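Quick note on our numbering: the sequence shown kicks off at -12 and runs consecutively. Beta carbons are placed, not taken as given, at the ideal position from N, Cα and C, and that holds for glycine. Computed from a predicted structure; not experimentally measured. Worksheet: the structure to be examined is printed underneath.
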Amino acid sequence: MPRNSIALRLSGLFTLVALLVFLLIGGALYQQVDKGLGLLPEAELDARYSVLESALTRFGNPEHWAKINNKLKLLSEEDKRIRFWVVSGDPAYEYGNPDPQIRRFAQGPLGMRDLTLPGHPYPLKVLVSQLPAKELRPPLRFLIAIDTETFYETQHQLLIALISLAIVGVLLASALGYWVARIGLKPLIGLSEEAQRLAPPRLSGRLQLSSLPPELTQFANSFNSTLERVEQAYSRLESFNADVAHELRSPLTNLIGQTQVALTRGRSAEHYFEVLQSNLEELERLRSIINDMLFLASADQGSKATKLTSTSLASEVATTLDYLDFILEDAQVKVEVRGDAQVQIEIAHLRRALINLLSNAVQHTEPGQVIRVQIDVQEHQVSIGVSNPGQAIAREHLPRLFERFYRVDASRSNSGANHGLGLAIVKAIALMHGGDVFVRSDDGMNTFGLYLPI
Ligand SMILES: Nc1ncnc2c1ncn2[C@@H]1O[C@H](COP(=O)(O)OP(=O)(O)O)[C@@H](O)[C@H]1O
Ligand SMILES: [Mg+2]
């Protein structure tokens, strides 16, 4: 069990809450009961006094007084907590052998008072009353006392009971809280177990949303869409590896085959020269594939265009066309350039992109036709599009043409310098400059191009 598990934290919080609730309720209860308990001795004294009062006031002669003495004696034997004193100054009308402390106490104020006797841990609650003179007897002070020990003991027991109840309650709340939290967290535990099962290569599964509480569906949704992207990237990577191997295999097969044939028997110097020349072509093709892949890999790792120079796009197109001069002549196509814009660009990258776009256009244009390069300045960007007349490209291909190794016509795939990375590199270059690519196929014109931010 991890130290800071949610279940533990929740049960800790439950414990705190329970402690607070018990303190509040227990405190209030204790105060209330304590108040009631405190009133009990006074109520009892009042009750006793009202029973004795009439007899005490009515009788004033010694015979009656002896009866009263007896009654008081009986009463205090009946209930050991109760004690009586009568203080008058005349020994014939006294009761309870009042010692000097009691005498002094009796002369104090009338009403309910506390009296602490030596050797008594708890004070006595005493009701002091004054009776006027009657017949032969002088005025006297009548004291009824009750021992508060039982009340204090009850109070003490109540406190202990409340504290032990609170302790048990808090312990119970924390244990139950932990249990409840575990139950509440079950969907989360289930979810993480489910997520663990979805590691590569089993990326096609998704988290089930139907059984989840609403708090977790958003999380599961984002997890699922992340998984979707990972799955796509994963499958792209897989097919990319297959494509790379495939692309490298044919030049290698050619190299090995030609070399093996040349080695079967003695050849003339011219024959070896031809074989080597053909091998060189294949090797150059290999190098260009590897260079393109390295370029894409560095773009993938987020390398950005840095050596930015302010350049006229039209003049860069013109330079590129000079470079492609022979190819254009061979293919017997012309190129028209319209518009111009000044952009901040890494020139080597731009030329590479233009060569790729223009050589694609030349490859897909019939002799005698015209390729158009259109440069437009828009609000925040410049678009540069290379259009050539040609067969319409089916809609389903358009969004995928900039993917690596994606070709409409697979039979052309092994022809010469085409290895299906040209447009992927155009896209990488556009992205490196913070731009993007576009493709259109309408009215017998196919347009490939890129946007560059201004
Ligand atoms: N100008 C164009 N006209 C028609 N199709 C094109 C044009 N340029 C590119 N394509 C299509 O896009 C695919 C990918 O182009 P590219 O990445 O340059 O690879 P490659 O030229 O090596 O085949 C091409 O195979 C082709 O099907
Ligand atoms: Mg190409």
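**OP:** Ignore the nearest five residues each way along the sequence and tell me which others in Leu118's own chain have a CB closer than 7 angstroms to its CB.
**Re:** As a working mapping, residue 118 is identified with position 131 in the sequence shown. Hits under 7 angstroms: Leu43, Thr44, Pro126, Leu127, Phe129.
Original post:
If you draw a straight line from the C-alpha of Arg68 to the C-alpha of Ala160, how long is it?
Top reply: Here residue 68 is taken as the residue at index 81 of the sequence shown, counted from 1. Here residue 160 is taken as the residue at index 173 of the sequence shown, counted from 1. Answer to the nearest angstrom: the Cα atoms are 43 angstroms apart.
**OP:** Report back the beta-carbon spacing between Asp230 and Phe392 to the nearest angstrom; my notes put them in contact at under 8 angstroms.
**Re:** As a working note, residue 230 is residue 243 in the sequence shown. As a working note, residue 392 is residue 405 in the sequence shown. Yes, they are in contact, since the Cβ atoms of Asp230 and Phe392 sit about 4 angstroms apart, within 8 angstroms.
Subject >> Outcome for Ala93 when other beta-carbon atoms lying within 10 angstroms are tallied against a minimum of 16 >> reply: Start at 1 with the first residue of the sequence shown, and residue 93 comes out as number 106. Ala93 comes out buried.
Subject >> For Pro49, the nearest candidate out of Ala(-6), Arg124, Phe71 (CA to CA) >> reply: Within the sequence shown, numbered from 1, the residue matching residue 49 stands at position 62. That would be Arg124, whose Cα lies nearest to the Cα of Pro49.
Original post:
Just to check, is the beta-carbon of Gly409 closer than 7 angstroms to a non-hydrogen atom of ligand 1?
Top reply: Indexing the sequence shown from 1 puts residue 409 at position 422. Yes, ligand 1 has a heavy atom inside 7 angstroms of this Cβ.
Original post:
Mapping DSSP to helix, strand and coil, what is Leu130?
Top reply: Here residue 130 corresponds to residue number 143 of the sequence shown, with the count starting at 1. Reduced to three states, the DSSP call for Leu130 is strand.
**OP:** Label Tyr259 either buried or exposed according to how many other C-beta atoms from any shown protein chain fall within 10 Å of its C-beta, with 16 as the threshold for buried.
**Re:** As a first step, residue 259 must be located in the sequence shown, where it is residue number 272. It is exposed - the Cβ of Tyr259 has fewer than 16 other Cβ atoms within 10 Å.
Original post:
Given a threshold of 16 other Cβ atoms within 10 Å of its Cβ, counted over all protein chains shown, does His420 qualify as buried or as exposed?
Top reply: The residue you call residue 420 lines up with position 433 of the sequence shown. Its Cβ being crowded by 16 or more others within 10 Å, His420 is buried.
Subject >> Exposure of Ala(-6), with buried meaning 16 or more beta-carbon neighbours within 10 Å >> reply: Locating residue -6 in the sequence shown gives position 7, where the first residue counts as 1. By the 10 Å Cβ count, Ala(-6) comes out buried.
Original post:
DSSP three-state call for Glu50: helix, strand or coil?
Top reply: Residue numbering aside, residue 50 sits at position 63 when the sequence shown is read from its first letter. DSSP places Glu50 in helix when its eight states are reduced to three.
Original post:
Under 8 angstroms between the Cβ atoms of Thr352 and Ala328?
Top reply: Stepping through the sequence shown from its first residue, residue 352 is reached at position 365. Stepping through the sequence shown from its first residue, residue 328 is reached at position 341. No. Outside cutoff.
Original post:
Roughly how many angstroms separate the alpha carbons of Gly422 and Ser370, rounded to a whole number?
Top reply: Sequence index remark: in the sequence shown, residue 422 carries index 435 (1-based). Sequence index remark: in the sequence shown, residue 370 carries index 383 (1-based). One C-alpha to the other measures close to 9 angstroms.
Original post:
If you count every other CB in all the chains shown that lies within 10 Å of the CB of Met99, and 16 or more means buried, which is it?
Top reply: Along the sequence shown, read from residue 1 onward, the residue named residue 99 stands at position 112. It counts as exposed.
Original post:
Helix or strand or just coil, what does DSSP make of Tyr438?
Top reply: Within the sequence shown, numbered from 1, the residue matching residue 438 stands at position 451. Strand, per DSSP.
**OP:** Name the one or two DSSP bridge partners that Ile371 has.
**Re:** One-based indexing of the sequence shown puts residue 371 at position 384. Paired residues: Ile362, Leu437.
Subject >> Boundaries (first-last residue) of the alpha helix (DSSP H) holding Asp101 >> reply: Within the sequence shown, residue 101 is the residue found at index 114, counting from 1. Not the alpha helix (DSSP H): Asp101 falls in the beta strand (DSSP E), residues 98 to 102.
Subject >> DSSP state of Arg91 mapped onto helix, strand, coil >> reply: In the sequence shown, residue 91 corresponds to position 104, counting from 1. It is helical.
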